[in-house]
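Data first, discussion second: the structure below is written as structure tokens.
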Amino acid sequence: MPNLAGILTETAGRMPDRPALRINDTVISYSMLNAMSAQVAGLLRARGVQRGDRVALMMPNIPPMASVYYGVLRYGAVVVPMNPLLKGREVAHTLKDSGAGLLFAFELMLPEATAGAQEAGGVDVIPVNTGSFRQLLADSEADDSVAEVDGDDVAVILYTSGTTGRPKGAALTHDNLRSNAEVARNLLDTNENDVIFGGLPFFHVFGQTSALNAAVLTGAMISLLARFDPGEALAIIERDGVTIFQGVPAMYIAMLRHPKLAETDTSSLRGAITGGAPMPLEVLREFEEVFGIDLLEGYGLSETSPIVSFNLPGGGRRPGSIGKPVCGMEVRMLDGEGRDVPTGEIGELSVRGLGVMKGYWNNPEATEAAIPDGWFRTGDLARFDDEGNIYIVDRKKDMILRGGYNVYPREVEEVLYEHPAVSEAAVIGVPDELNGEEVAAVIGLKPDAAPAGNEQRQALAEEIQQFAKDRLAAYKYPRRVIFTDELPKGPTGKILKRQIRDEQSGVPATAAEA
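Residue numbers (the UniProt record's numbering): 1 to 514.
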């Protein structure tokens, strides 16, 4: 069945009573999840949604996120997952760009969701809460069918971006996502007896593919955590007997530093994977020593569904490497002319294969720039070793990876420029032990706005930080605000971010980090 929702209906048919999701003391079986997705499909039909329409989701990792996700897919519509931390203007951009006419929003996200929906032209918002949403589904006539689609039809639009503009929608097909879910399942030999930690957000491609879709494909149980907390994560491992932990480096660091670690039984774990940001080698070694299992690092992007390469269990892995290309994916290192560079030399990591997106939604120019010859240019600089292992060397783009989340400097800079005191701004990533990188804003002030004393500078830095915080998702606003007389520029007037990074990487924050 080409439709990705078929992985749910097939598993529910094979093992209807197996637990699919658990959150706290609530357990939902595969038959229940399947039935709820059919109710969602019926609700879409009642609302006049057409096959191929885009439907947005703005929820944390709660059971309705899964039921709406598969309900939209089985109906033949397109899922547009959104970070629940987005502010109204960010919501509006995603809705307008995707053309979504309906938004399912968790009750805690309703103010920003509603504001964005109104700005986008009055998009219909369906609140997702404890009682009324369940009743809304119960009142809907279920649609048990699964829409016929082509494998090359778009299933999900994930919004991502580079440093040159606002977020673009990576259009992932049913075949893209199913093939990558199969890769994720096979990498750790996931089976129906496994319990997968569900703390990676499902709106992000890592959690969506490696946890949600891989578990549903297999019949494993996902133990949900709506918002990551290291103490709660450790408690879930012990309570539910989690066998596979999936996380970004910041999650592993936080658990290793948590005071309850020593008293937590983590013996159920048999596998752990990391991605989303580079894993410091010392953290990897510490985790393996404390937990007694291998921590395997992989690499992927939203545009590749996401898994491109992975360190396989056993003796073949290379700590510090992102492993070798997975089944169905090819990798080359290319120079600026699109030619292969010799083994050991640095080139742009470029990908072709089953997981590579169809293109950027309604953006043929960006698609052509990213995939000029059938090979997707990732923007990452890397090299092969003699055994075919891949090592990331640097990032071609200025994108910041904060705790596994992509932060795009230009988007933050545009907000900073709206502040009346800011003359010029450069947003960069600086090294951070917990998050891998932290967001820092280096700012030149307008002459009449420059404060006289240190206390006034501190107050202005905090004001600018709050200004950005009010307009951007929580993971995007700068935790460090640094004032400078003038930003360094090249002969054409372009701000030299590499020089700024070199100068500021060891400079303490002007504003208190929060």
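For glycine and all other residues, C-beta sits at the position ideal for the given N, C-alpha and C.
Note that the coordinates shown come from a computational prediction; the quantities given were computed from them, not determined experimentally.
query, result
"Per DSSP, what kind of secondary structure is Y477 in: helix, strand or coil?", "coil"
"Beta-carbon within less than 8 angstroms of I392's beta-carbon, same chain only, minus the 5 sequence neighbours each way: which residues are those?", "P278, Y299, I322, L349, D380, L381, A382"
"So T304 and L269 are supposed to be a Cβ contact under 8 angstroms. How far apart are they, rounded?", "The pair is not a contact, with the Cβ atoms about 27 angstroms apart (cut-off 8 angstroms)."
"Going by Cα to Cα distance, which pick from A105, R480, E455 is closest to Q466?", "R480"
"Identify whether A5 lies in helix, strand or coil by the three-state DSSP scheme.", "coil"
"So is L177 buried or exposed if we call it buried at 16+ other beta carbons inside 10 Å?", "buried"
"List the whole-angstrom C-beta distance separating Y30 from G219, where the pair is believed to meet the contact cut-off of C-beta under 8 angstroms.", "7 angstroms"
"Determine, using beta carbons only, whether F329 and D340 come nearer to each other than 8 angstroms.", "Inspection of the sequence shows that residue 329 is occupied by Met rather than by Phe. Result no, Cβ atoms of M329 and D340 do not sit closer than 8 angstroms."
"Using 8 angstroms as the threshold, is the C-beta distance between E411 and R166 below it?", "yes"
"Going by beta-carbon coordinates alone, are R18 and A41 separated by less than 8 angstroms?", "no"
"If you compare alpha carbons, which of D153, A426, E424, R22 is closest to R239?", "R22"
"What three-state label does DSSP hand E10 in the structure shown?", "helix"
"So, is A215 buried or exposed, given that buried needs 16 or more other C-beta atoms within 10 angstroms?", "buried"
"So if DSSP puts G444 in a beta bridge, which residue, or which two residues, is it bridged to?", "E424"
"Assess, as a yes-or-no matter, whether the segment 424–438 is touched by the segment 184–201 under the definition of 3 or more beta carbon pairs within less than 8 angstroms.", "no"
"Under 8 angstroms, do R54 and I157 count as touching if we go by C-beta distance?", "yes"
"DSSP three-state call for T343: helix, strand or coil?", "coil"
"Kindly indicate which three-state DSSP category E297 falls into: helix, strand or coil?", "strand"
"Is the segment 167–186 touching the segment 199–215 in the sense that three or more CB pairs, one from each, lie closer than 8 angstroms?", "yes"
"Taking 8 angstroms as the cut-off, decide whether the C-beta atoms of S309 and P325 are in contact.", "yes"
"Taking Cβ to Cβ, would you say A171 is nearer than 8 angstroms to M58?", "no"
"Would you tell me roughly how many angstroms separate the C-alpha atoms of A421 and P111, rounded to the nearest one?", "29 angstroms"
"Can you name, in chain order, every residue of its own chain whose Cβ lies under 6 angstroms from the Cβ of E141, other than the five neighbours on each side?", "G42"
"Beta-carbon within less than 7 angstroms of P451's beta-carbon, same chain only, minus the 5 sequence neighbours each way: which residues are those?", "R457, L460"
"Across which residues does DSSP place F104 in a beta bridge pair?", "L57, I126"
"Are the beta-carbon atoms of Y475 and V407 separated by less than 8 angstroms?", "yes"
"Taking Cβ positions, are T173 and D153 nearer each other than 8 angstroms?", "yes"
"Given R501, which residues of its chain have a CB within under 6 angstroms of its CB, disregarding the five upstream and five downstream residues?", "I428"
"Who does K324 pair with in a DSSP beta bridge?", "F310"
"Is DSSP giving Q458 helix, strand or coil here?", "helix"
"Tell me, which residues are paired with E348 by DSSP?", "L334, L381"
"Less than 8 angstroms between the beta carbons of V149 and P2, yes or no?", "yes"
"Taking only three categories from DSSP, how would you classify T492?", "Model confidence at T492 stands at a pLDDT of 48, short of 50, so the residue's coordinates are unreliable and nothing is read from them."
"Assign L281 to buried or exposed, taking buried as 16 or more other Cβ atoms, counted over all protein chains shown, within 10 Å of its Cβ.", "exposed"
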